[in-house]
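Q: In the working numbering, the protein residues as written are 1 to 301.
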């Protein structure tokens, strides 16, 4: 895994006041406290930084004290599949599917260079994140690095939940986790202990009732109800994620569904979906390449 950083990426993640060597050194110490097993990987990736990388690049790689990730996503579990929509700005600089072997084989969608928005490992554990919808902030590890850490160090949902009990989470986030025995969604944040949701699905809220202004802006309760209703079987779930109200086609306004991922961790397979096209990947047959898409409104949206 090679670190490729741009000024645009650093600007997106790193506050200007933290783009100095002393802040990076403090962040590395915090990383070592909370994610010690990944410290050798962090140091290896940091050593690959080009001398011309923008200030703040080393701190970005730690995942410590970054700007919080706030996006619109919907996800659920059905019949051995964890499926999700990731909704965000199509102009955001990152979007790469990564197959890596740091501590173990992991496949997922990258964020923050080596963090993950969603992914699976060779033990059959899958994890996916959504924004929790609450404007709360605190110190901690950016959620994409938390997802990476869980997949690198945990075999099961239970192990991942125990790990989350000790990790500082800087913003409101929801994680859906699935293995061969169990599937859960857990609500996280700097002001709450990890809290299991009623079922293994998530949109962009944690507490009910959701304020009317938040619902009008995000339709989070509407989307959660729709994804739960569709989770009767994996095919129905994926089909629902590819059409309104779950598929968001407002890219002309700078925001929409970038991809639908369907993880089958027991089989080591993931398929990325878009209306009319798919891109399968697996541990057994990971194929490097590119997949070019044109985002446009879908019929009926």
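Even for Gly, the Cβ is constructed at its ideal location relative to N, Cα and C.
Of the residues 291, 293 and 270, which one's Cα is nearest the Cα of residue 107?
A: Taking only the C-alpha atoms, the option nearest residue 107 is 270.
Q: So residue 178 and residue 98 are supposed to be a Cβ contact under 8 Å. How far apart are they, rounded?
A: Incorrect: roughly 20 Å between the Cβ atoms, too far for contact.
Q: Within 10 angstroms of the Cβ of residue 15, are there 16 or more other Cβ atoms? Answer buried if so, exposed if not.
A: Exposed, because fewer than 16 other Cβ atoms sit within 10 Å of the Cβ of residue 15.
Q: Just to confirm before moving on: does the CB-CB distance between residue 209 and residue 190 stay below 8 Å?
A: Their beta carbons are not under 8 Å apart, which means residue 209 does not touch residue 190 by this criterion.
Q: Determine the extent of the alpha helix (DSSP H) in which residue 238 is found, giving its start and end residues.
A: Looking at the DSSP string, the run of the alpha helix (DSSP H) that includes residue 238 is 234-241.
Q: Which partner residues does residue 279 have in the DSSP bridge list?
A: Paired residues: 272.
Q: Taking a contact to mean a Cβ-Cβ separation below 8 Å, would you say residue 120 touches residue 151 in this structure?
A: In contact: residue 120 and residue 151 (Cβ atoms closer than 8 Å).
Q: Flag this pair as touching only if the region 280-293 and the region 108-117 have three or more C-beta atom pairs under 8 Å; answer yes or no.
A: Because the criterion of three Cβ pairs below 8 Å is not met, the region 280-293 and the region 108-117 do not touch.
Q: For the beta strand (DSSP E) containing residue 58, name the first residue and the last one.
A: Unbroken run through residue 58 is the alpha helix (DSSP H), 57-62; no beta strand (DSSP E).
Q: Taking 6 Å as the limit between beta carbons, can you name the residues of its chain near residue 279, skipping five residues before and five after?
A: Cβ neighbours of residue 279 beyond the five flanking positions: 272 and 291.
Q: Do residue 234 and residue 34 come within 8 Å of each other at the CB atom, strictly closer than that value?
A: Contact flag unset, no.
Q: Does the pairing of the region 210-230 with the region 57-71 give three or more beta-carbon distances under 8 Å?
A: Short answer: they don't touch.
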